[in-house]
């Protein structure tokens, strides 16, 4: 077993590993879906019926009988035709306009026409929406949108990647693998709706989703670095792509996983 993997597992076994639940209560971490945690997934015949929310808020996402994503070891595979996972009730985080979303995904479809939405909530018809797409990854860009104004972030040629989307209340933006943020000034977004995974209104994504965290705060840069570091180390040996290797050299967790208290 590689030493780096030992370091991560040792920190977890000793209770020293930082996780989002250490710093963010359910009032801030509004939703968390983790495909690697089989205890949170209901599936039959190799397809997903429901993924339960690990934040404690009970915002579970479910599929319909004919539109269920496939389940692999560590990914939910959305077919780009009609697969989706949806909450039964409103996400309920727009009381505060600011938000930050982290997710681990990879593009499957090469068709740009559907936009390949990873997640979406809001009312796009009235330009009150927030989400992120993965339609040209690898080799192109992901998009983050608020009020349907796109910000494009170029991730290079990564396969699986860590996406970050944020909205400060006046500025939207995002970045890939803990890199430099691309931003765009945008209007305030205050609408509310159910959360869709793999769907943006009538568009469906050909995408593999491993994990997603949705917070109702805009996090400072050092917290974003820690979050990206945590996800990179967690998924480093669960996915074919070395996400730790994709972190920028400036990330303080390039050489070790984040620990409680430091």
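In this note's numbering, the protein residues as written are 952 to 1213. Glycine is no exception: its CB is placed at the ideal position from the N, C-alpha and C atoms.
Please classify residue 1130: is it buried, with 16 or more other beta-carbons within 10 angstroms of its beta-carbon, or exposed? buried
Proximity winner among 1085, 1169, 1208, relative to residue 1179 (alpha-carbon distances): 1208
Which residues in the same chain have their Cβ closer than 6 Å to the Cβ of residue 983, if we skip the five residues on either side of it in sequence? 1005, 1006, 1164
Thinking C-beta only, is residue 987 closer than 9 Å to residue 1137? no
Going by the DSSP bridge assignment, what does residue 975 pair with across the sheet? Per DSSP, none; premise fails for residue 975.
Can you find the residues in the same chain that come closer than 6 Å, C-beta to C-beta, to residue 1013, ignoring five residues on each side of it along the sequence? 1001
What three-state label does DSSP hand residue 1042 in the structure shown? coil
Which residue marks the beginning of the beta strand (DSSP E) containing residue 1026, and which one marks its end? It is not in any beta strand (DSSP E) - residue 1026 carries neither H nor E in the DSSP assignment.
For residue 1205, collect the residues of the same chain with a Cβ closer than 8 Å to its Cβ; drop the 5 residues on either side in sequence, then sort them by chain order. 1180, 1195, 1198, 1199
Can you check DSSP and say which residues form a bridge with residue 993? 1001
Could you pull the DSSP bridge partners for residue 984 from this structure? 1163
DSSP three-state assignment for residue 1198, whether helix, strand or coil: coil
Spatial neighbours of residue 963 within its chain, please: C-beta separation below 8 Å, excluding the five flanking residues on both sides. none
Give the DSSP-derived three-state secondary structure of residue 1188 in the structure shown. coil
Please report how far the alpha carbon of residue 1135 lies from the alpha carbon of residue 1117, in whole angstroms. 11 Å
Is the stretch 969-983 close to the stretch 1147-1161, with three or more CB pairs under 8 Å? no
Which of helix, strand or coil does DSSP assign to residue 1147? strand
Tell me which residue opens and which closes the beta strand (DSSP E) that residue 1135 is part of. 1133-1136
Cut-off 7 Å between Cβ atoms - residues of its own chain near residue 991, not counting five sequence neighbours on either side: 985, 1002, 1003, 1005
By the three-class DSSP mapping on this structure, what secondary structure does residue 1183 have? helix
Which class does residue 1178 belong to by DSSP, given the choice of helix, strand or coil? helix
Reducing DSSP to helix, strand and coil, say where residue 963 ends up. helix
Of all the options 1147, 1192, 1017, 999, which has the alpha carbon lying nearest to the alpha carbon of residue 1056? 1192
Are the beta-carbon atoms belonging to residue 1128 and residue 1113 less than 9 Å from one another? yes
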